[in-house]
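Only one structure is covered here, and it is reproduced in the block below.
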Amino acid sequence: MRSSFALFSFLILFGCHQSSNNPPELTRSQQVSKRAHAFFQTFADRNDWEAFCSFYREDMFFQDIMLQIELDSLWQFKRFYAWDSPDYEFEKLTPEQPHLTVVNLIANDSSAMATGHFNPFYYNGDLIDTEWGMEFTIILYFDQDLKIVKQTDWIEYDDYALEAVIERCRKFGFRAPPAWLDLSK
């Protein structure tokens, strides 16, 4: 009887010891939050195009509300962002500077929303700075595998960009892509 009690006590203590070494399993909301933080860190680093694209599903949907752009696949999204293009003239002020700063991030079990601002950078040789704010709200929707299935951007663009959107929409309608966005395969 004593040996059975000792064995039983040992198993209970061993079981308790084992469970305290295992980290608690994350809830779905915590998983989404962790994935969104990783996404925004990769976006902020802006130095690994393949890692950035790996967050998305091939059939993802993207919309930029202010630019009036809707894209329905990863290849179209890649054409829009075009970080890997030799003609893309984006440059951070310093290599270690984050491209963006997330101020708030909230998540539930299927989406995350971040607010923040873009940090100054050079685009086509011109300094794009914070004179007009450069604030953003980005909403990410995740599938069951934590891949981004939809992204909605609300970005504060400068006057020139907004005027170009208005002109494009007046001439060609709001569904027409900008002339600079080549969506041919």
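Here our numbering is used: the first residue of the sequence shown is 13, the next is one more, and so on.
Idealized CB from N, CA, C, for every residue including glycine.
As the structure is a prediction and not an experimental result, all values here were calculated from the model.
#### Entry: Residues near residue 80 in its chain [Cβ-Cβ closer than 7 Å; skip 5 each side]
Numbered from its first residue, the sequence shown carries residue 80 at position 68. Excluding residues within five positions, the ones whose Cβ falls inside 7 Å are 177, 181, 186.
### Query
Rounded to whole angstroms, how far is the Cβ of residue 72 from the Cβ of residue 156, which I believe are closer than 8 Å?
As a working note, residue 72 is residue 60 in the sequence shown. As a working note, residue 156 is residue 144 in the sequence shown. Going by Cβ atoms, the distance from residue 72 to residue 156 rounds to 14 Å, so no, they are not a contact pair.
### Message
Between the alpha carbons of residue 138 and residue 108, how many angstroms are there, rounded?
### Response
Here residue 138 refers to the residue found at position 126 when the sequence shown is read from its first residue. Here residue 108 refers to the residue found at position 96 when the sequence shown is read from its first residue. Roughly 19 Å separates the two Cα atoms.
### Query
If we call anything under 8 Å between Cβ atoms a contact, is residue 86 one with residue 92?
Against the sequence shown, residue 86 aligns to sequence position 74. Against the sequence shown, residue 92 aligns to sequence position 80. Result no, Cβ atoms of residue 86 and residue 92 do not sit closer than 8 Å.
### Query
So what does DSSP say about residue 77, is it helix, strand or coil?
Sequence index remark: in the sequence shown, residue 77 carries index 65 (1-based). Residue 77 falls in the coil class under three-state DSSP.
### Query
What does residue 68 pair with, by DSSP beta-bridge criteria?
Position 56 of the sequence shown, counting from 1, holds the residue named residue 68. Residue 68 pairs with 160.
#### Entry: Best match in 172, 60, 152, 130 for proximity to residue 45 [C-alpha to C-alpha]
As a position in the sequence shown, residue 45 is number 33, starting the count at 1. When only C-alpha atoms are compared, the closest one is 152.
#### Entry: Where the alpha helix (DSSP H) through residue 184 begins and ends
Counted from its first residue, the sequence shown places residue 184 at position 172. Counting along the chain, the alpha helix (DSSP H) containing residue 184 begins and ends at 171-184.
### Task
May I ask which residues mark the beginning and end of the alpha helix (DSSP H) holding residue 85?
To locate residue 85, count along the sequence shown from 1; it is residue 73. From DSSP, residue 85 is part of no alpha helix (DSSP H); its letter is neither H nor E.
#### Entry: Entirely enclosed beta strand (DSSP E) segments - the stretch 117-152, minimum 3 residues
Counting only runs of at least 3 residues, the stretch 117-152 fully encloses the following beta strand (DSSP E) elements, listed from N- to C-terminal order: 123-130, 133-135, 138-140.
### Query
Is the Cβ-Cβ distance between residue 148 and residue 47 less than 8 Å?
Position 136 of the sequence shown holds residue 148. Position 35 of the sequence shown holds residue 47. Contact flag unset, no.
### Query
What is the residue span of the beta strand (DSSP E) that residue 103 lies within?
On the sequence shown, residue 103 is found 91 positions in, with the first residue counted as 1. Counting along the chain, the beta strand (DSSP E) containing residue 103 begins and ends at 102-104.
### Query
Buried or exposed: where does residue 128 fall if 16 or more other Cβ atoms within 10 Å of its Cβ makes it buried?
By one-based count along the sequence shown, residue 128 stands at place 116. Buried, by the Cβ-count rule.
### Query
Taking Cβ positions, are residue 171 and residue 77 nearer each other than 8 Å?
One-based indexing of the sequence shown puts residue 171 at position 159. One-based indexing of the sequence shown puts residue 77 at position 65. Not in contact: residue 171 and residue 77 (Cβ atoms no closer than 8 Å).
### Query
Would DSSP call residue 57 helix, strand or coil?
For the purposes of this step, residue 57 is taken as residue 45 along the sequence shown, with counting starting at 1. Three-state DSSP puts residue 57 in a helix.
### Task
Would you tell me roughly how many angstroms separate the C-alpha atoms of residue 37 and residue 159, rounded to the nearest one?
Residue 37 sits at position 25 when you count from the first residue of the sequence shown. Residue 159 sits at position 147 when you count from the first residue of the sequence shown. Cα-Cα distance, rounded: 19 Å.
### Query
Who does residue 113 pair with in a DSSP beta bridge?
Taking the sequence shown and counting its residues from 1, the one referred to as residue 113 is at position 101. Checking the DSSP bridge columns, you'll see residue 113 partnered with 129.
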